[in-house]
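Working notes, structure below.
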Amino acid sequence: MKRILFSLLVLVLVVSFASCGNNDGVGDEVNETHYETETNDETKVSEETEAETEITIGGKNINDYYKVVQFDLPEGSFRDAVVAHMREQASIEWVCSETFGITEDFNSWGIHLQFKKGEKYVGIPYADTKVSAEQFRQALVDGTYTCQSDKWKDVYGVQCVSSIYNSIQQVAPNVYGTTYNMTPGIVSFEFRGIICGQYEVPKSLRKTQEIIDTNSGDVMCEAYAQLKKGDVIIMQDLDRGAAHTRLVVEDAVVLRNAAGKINKGRSYVQTIEQTNSFDAQRTDGVKTTWYVDHKYSFDKLIQTNYVPITFEIYNKDRSECEAPYLLLDKEITPKQIEKGAIGSNVESNFPIRYVYLDLYSKDGKLVKREMKFDMADEFKVILRKPSIALASNLEKGEYTFVLTAGIARGSAELARVDFTVE
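Counting along the sequence shown from 1, when you hit position 51 you're at 51 in the working numbering, and nothing is skipped either side.
Shown next as structure tokens:
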């Protein structure tokens with residue numbers, strides 16, 4: 001990560017924030033801003049220049065923050081980028097280092113997965129810790145992974161909806177939450193999508209079957225016909241405690257008769273979905289819980305109560321979009337770390353996936369980690385509480401503190417501080 005001097009930063013950031021489309025890469029590179037209190041002749045900027053180039057983030061001047069890291073939005077079509085990220089999550093290869101399972105039983109469904117030592121798997125595991133693709137890769141040890149727990153709230157993984165949120169959050173900051181937030185008309189929850197088609201949504205909805213029952217088959221088929229890559233189909237049933245989401249990976253295939261009516265048995269959508277079972281349809285020997293490029297007829301979607309939705313971001317011009325960023329609001333000092341009194345916060349304009357507070361020994365070994373993760377809708381993480389746990393019972397010695405954080409789009413190191421416990 002390259003530190004950029006302030007004189008160069010002003011130019012870089014003015015260009016970046018003027019238009020979301022002004023980027024040279026696909027998002028792997030970030031623009032990092034770290035303001036130093038000292039300047040020299042090369043870094044001094046006149047008061048007149050500073051006044052003319054005021055840049056704000058989160059309603060504050062960018063100079064008021066200790067460190068800001070900005071990420072590029074994907075180049076090209078946002079729909080393509082969303083589908084590409086879903087495929088990325090589904091294609092990460094890893095080997096199970098020690099046998100572990102995921103076992104959960106709920107009202108109307110359950111999880112009974114077994115990962116065996118030495119076997120290769122493809123795709124992030126099915127679990128409910130909402131990890132990003134990069135976060136899961138960081139958890140791999142020489143390409144291997146295991147977990148001591150069999151609970152889906154401990155295993156590093158994603159389930160159906162969190163994998164889709166990871167994908168849509170490559171471009172959209174305001175699509176987040178749970179399956180409730182992807183269901184139109186659900187009781188007491190904000191719908192963060194857009195209805196795809198012209199179907200009617202009953203009031204006080206509890207399950208998507210009510211939408212299917214309210215609208216004719218022709219109306220639903222015409223709605224499915226409008227699905228494009230990057231859109232979503234969702235089934236929700238609050239009474240059974242069940243829901244499922246699928247990401248559409250190609251525009252719907254629509255076949256009509258001579259009168260123009262849709263043939264619901266032959267028209268279909270193709271999707272990717274993360275599931276609670278291994279894909280038994282694979283004939284290539286791949287072990288995965290990801291159902292990749294499965295096809296579902298419109299008739300099947302009606303029978304299983306799936307409704308189509310899309311997202312506002314697909315209708316926006318790049319100039320209207322927000323470039324993702326992560327920031328640390330205030331500098332972290334050695335004394336704060338030693339005392340467990342870090343008063344800083346990590347913030348982002350996109351939902352934060354994780355924050356790690358790590359301590360390394362003098363020889364570079366990880367001594368202790370405190371973390372905040374499994375977050376669906378957090379845009380700010382307060383560091384004081386995890387810093388208390390981090391400082392507890394530390395032995396005398398020399399340490400390096402490293403603070404990293406991640407959003408679905410990427411991660412960044414926000415602080416690195418050497419300190420000594422005497």
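Glycine included, every Cβ here is placed at the ideal spot set by N, Cα and C.
Just so we're clear, the structure is a prediction, and the values are computed from it rather than from any experiment.
Can you give me the start and stop residues for the alpha helix (DSSP H) that residue i sits inside?
{"i": "Thr214", "result": "Gln209 to Thr214"}
{"i": "Gly217", "result": "Gly217 to Ala225"}
{"i": "Gln89", "result": "Phe78 to Ser91"}
{"i": "Arg137", "result": "Ala133 to Ala139"}
{"i": "Ile309", "result": "That residue, Ile309, is in no alpha helix (DSSP H); its beta strand (DSSP E) goes Val307 to Thr310."}
{"i": "Lys316", "result": "It is not in any alpha helix (DSSP H) - Lys316 carries neither H nor E in the DSSP assignment."}
{"i": "Lys335", "result": "Pro334 to Lys339"}
Would you kindly report the start and end of the unbroken beta strand (DSSP E) that includes residue i?
{"i": "Ile382", "result": "Lys380 to Ile382"}
{"i": "Thr103", "result": "Phe100 to Asp105"}
{"i": "Tyr176", "result": "That residue, Tyr176, is in no beta strand (DSSP E); it is neither H nor E in DSSP."}
{"i": "Tyr180", "result": "Where Tyr180 is concerned, there is no enclosing beta strand (DSSP E), given that its DSSP letter is neither H nor E."}
{"i": "Arg355", "result": "Per the sequence shown, residue 355 should be read as Val rather than Arg. That run of the beta strand (DSSP E) goes Ile352 to Ser361."}
{"i": "Ile111", "result": "Gly110 to Phe115"}
{"i": "Gly118", "result": "It is not in any beta strand (DSSP E) - Gly118 carries neither H nor E in the DSSP assignment."}
Look at residue i and residue j and say whether their C-beta atoms are less than 8 Å apart.
{"i": "Asp231", "j": "Thr183", "result": "no"}
{"i": "Gln170", "j": "Val82", "result": "yes"}
{"i": "Asn349", "j": "Leu383", "result": "no"}
{"i": "Arg369", "j": "Asp377", "result": "no"}
Considering only the alpha carbon of each residue, which of the options lies closest to residue i?
{"i": "Gln70", "options": "Arg256, Leu247 and Ile407", "result": "Ile407"}
{"i": "Ala127", "options": "Gln114, Glu210 and Ile168", "result": "Gln114"}
{"i": "Val175", "options": "Thr146, Tyr314, Lys203 and Lys117", "result": "Tyr314"}
{"i": "Asp381", "options": "Gly185, Lys316 and Arg353", "result": "With the sequence shown as reference, residue 381 is identified as Val, and Asp is not the correct amino acid for it. Comparing Cα positions, the closest option is Arg353."}
{"i": "Leu366", "options": "Thr144, Ser167, Asp213 and Leu390", "result": "Leu390"}
{"i": "Arg137", "options": "Ile92, Phe100 and Ala415", "result": "Ile92"}
{"i": "Ser411", "options": "Gly260, Leu205 and Tyr356", "result": "Tyr356"}
Label residue i either buried or exposed according to how many other C-beta atoms from any shown protein chain fall within 10 Å of its C-beta, with 16 as the threshold for buried.
{"i": "Glu109", "result": "In the sequence under discussion, the amino acid at residue 109 is Trp, which differs from the Glu named in the question. It counts as exposed."}
{"i": "Pro202", "result": "exposed"}
{"i": "Phe401", "result": "buried"}
{"i": "Glu47", "result": "In this prediction, Glu47 scores a pLDDT of 42, lower than 50, which makes its location untrustworthy; the coordinate-derived value is nonetheless stated afterwards. Its Cβ having fewer than 16 others within 10 Å, Glu47 is exposed."}
{"i": "Gln198", "result": "exposed"}
{"i": "Glu273", "result": "buried"}
{"i": "Asn23", "result": "Its pLDDT being 35, under 50, Asn23 is placed unreliably by the model, and nothing is read from it."}
{"i": "Ala280", "result": "exposed"}
{"i": "Lys67", "result": "buried"}
{"i": "Gln148", "result": "exposed"}
{"i": "Lys264", "result": "buried"}
DSSP on residue i, reduced to helix/strand/coil?
{"i": "Asp239", "result": "coil"}
{"i": "Glu42", "result": "For Glu42, the predicted structure reports a pLDDT of 38, less than 50, and the residue's modelled location is therefore unreliable. A value from the coordinates is still provided. Correct three-state label for Glu42: coil."}
{"i": "Lys130", "result": "coil"}
{"i": "Asp299", "result": "helix"}
{"i": "His34", "result": "Since pLDDT at His34 reaches only 42, below the 50 mark, its modelled position is unreliable, and no value is offered."}
{"i": "Asn393", "result": "coil"}
{"i": "Tyr165", "result": "helix"}
{"i": "Arg266", "result": "coil"}
{"i": "Asp64", "result": "helix"}
{"i": "Arg345", "result": "Looking at the sequence provided, one finds Asn at residue 345 rather than Arg. Strand at Asn345."}
{"i": "Ser387", "result": "helix"}
{"i": "Cys160", "result": "helix"}
{"i": "Ala405", "result": "strand"}
Got a sec: does the ligand PLP put a non-hydrogen atom nearer than 7 Å to the Cβ of residue i?
{"i": "Val95", "result": "As far as ligands go, the structure on display features none, and thus does not contain the ligand PLP."}
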